[in-house]
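Please read the structure below before turning to the comments.
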Amino acid sequence: MRNDYEVARFASIQAGYLGHNQVEALGFSKSAIKHRVDTGLWVAAGRGLYRVNGITGGHKDLLRAATSILPGNPTVSHESAAEIHGIPYLPRGMSVVTVHARTTHDFPGVRIHRTLDLVDEHRQLIESMWTTTPARTLNDLPAVIHPNAMALALDDSLARKIVQVEEVERVFNQAARRGRDGCGVMRKLLEERVGDELITASRLERLGFRVFERGGLPRPFWQYPAPWDPNRRIDFAWPHVCVGCECDGRRWHTRVADFQNDRNRDNLSLSHNWRIFRFTWEDFNKRPEFVIEQLRNAIAA
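Using my numbering, the first residue of the sequence shown is number 2, and each one after it goes up by one.
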């Protein structure tokens, strides 16, 4: 009876499911397993899989069961991983797992993807479940969602700093191959957002100081701590006059989420009597006189 109690407790965190290896580890012999299936206490739910009658669970419990029972390095992925990482614009409440391509097992209520290229570098342990990293998750999603939704999910993830574009690009280069679902979509999205060369912080710093010096502006502080948020940095700041300058170094148009985040930050700065100016990389390169005029007037005022 104690074994049945342990089984029920164990199954309650796995949506009622148990793997054959798990029940053997709990001390059940083949005859004891057969007896419980024959009497209806358990249901044979698949190859090496049992379900304890009367126990259910949500999609997280299903994920926990699938990643504990399935062979082939089962990993929470796609929409399920997106939910765990907080990647927006995706359906919630799904149970999706990726396993090695040689694995042919199924799992009730779980959508299973099979792959040959899921390496350890693309996985991390979250809530006791192996889960694809944010960068790998974003590279997997184009195969299952519309390109427009994928663009929004990628842009918002970058804006919220869930992931860096360099990480997404690196995983793409590691996993991309001819015929891989969604590969063309992600290649196009990255080309739009990265271009021929990433605009690094060091390049931005050098360009900014060069423009300000040529325009005759006082030398600003670089990456100055924002008075309203110690974790926030202002790209260029003149703290004696409460003026700051932010440069968007991405070669792509900002999305709705970026716009809202910027407005929220601007409102915070205004509440502390700071004026924050925002310019694009193209402004610094092609319209430096416009940048200088705006900042000179603000500093003088």
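Every residue gets a Cβ at the ideal spot worked out from N, C-alpha and C, and that includes glycine.
Cα-Cα separation between residue i and residue j, rounded to whole angstroms
| i | j | result |
| --- | --- | --- |
| R137 | D157 | 16 Å |
| H101 | G55 | 32 Å |
| G87 | G217 | 44 Å |
| S270 | H241 | 15 Å |
| M151 | F291 | 35 Å |
| W43 | R52 | 6 Å |
| E25 | V8 | 11 Å |
| F210 | R220 | 7 Å |
| F213 | P226 | 20 Å |
| S272 | R194 | 32 Å |
| G20 | P92 | 28 Å |
| M111 | V98 | One detail in the question is off: residue 111 reads as Val in this sequence, not Met. Going by the C-alpha atoms only, they are around 7 Å apart. |
| H123 | G28 | 35 Å |
| V164 | S81 | 17 Å |
| T57 | R103 | 29 Å |
| F237 | E247 | 7 Å |
| R233 | N298 | 25 Å |
| I293 | L208 | 13 Å |
| R48 | K31 | 15 Å |
| A176 | N149 | 22 Å |
| N1 | W239 | Outside the displayed range of the chain (2 to 302) lies residue 1, so it cannot be described from this structure. |
| G185 | E170 | 13 Å |
| I127 | A302 | 51 Å |
| D141 | G41 | 40 Å |
| R161 | D230 | 16 Å |
| V166 | N4 | 50 Å |
| W282 | G183 | 30 Å |
| L296 | P228 | 20 Å |
| H36 | R10 | 20 Å |
| R181 | S96 | 22 Å |
| W223 | K189 | 33 Å |
| A33 | L71 | 22 Å |
| E168 | I300 | 38 Å |
| G94 | L139 | 18 Å |
| Y6 | L159 | 47 Å |
Pick from the options that is closest to residue i, judged by C-alpha positions
| i | options | result |
| --- | --- | --- |
| E84 | L119, L296, L117, T134 | T134 |
| G73 | R65, I88, L119, R37 | L119 |
| R276 | D284, I235, E290 | I235 |
| W131 | D121, N140, N298 | D121 |
| A67 | H79, H106, K31 | H106 |
| I14 | T76, R37, S69 | S69 |
| K61 | S30, A33, Y18 | Y18 |
| Q125 | V77, I293, Q175 | V77 |
| L191 | N174, F11, L205 | N174 |
| A16 | R161, K35, G59, L50 | G59 |
| P289 | W239, R178, R215, P228 | R215 |
| V172 | M187, K162, A160, L50 | M187 |
| N22 | Y6, L50, T40, L117 | L50 |
| R65 | P228, A12, F222 | A12 |
| T116 | R178, D230, G245, K162 | R178 |
| V244 | M95, R279, P231 | R279 |
| S129 | L296, P75, R181 | P75 |
| D284 | L205, P228, K35, N274 | L205 |
| L63 | H36, I34, P109 | P109 |
Per DSSP, cross-strand counterpart(s) of residue i
| i | result |
| --- | --- |
| P226 | R234 |
| G20 | L50 |
| I113 | V98 |
| I277 | G245 |
| R124 | T133 |
| V77 | V98, T132 |
| W239 | V244 |
| V44 | R52 |
Distance between beta carbons of residue j and residue i, contact taken as under 8 Å
| i | j | result |
| --- | --- | --- |
| P89 | A144 | With a Cβ gap of about 18 Å, P89 and A144 do not count as contacting. |
| H79 | H114 | 7 Å |
| A45 | V38 | 6 Å |
Residue i Cβ short of 6 Å to the ligand COA heavy atom set
| i | result |
| --- | --- |
| L139 | Here there are no bound small molecules, and the ligand COA is not part of this structure. |
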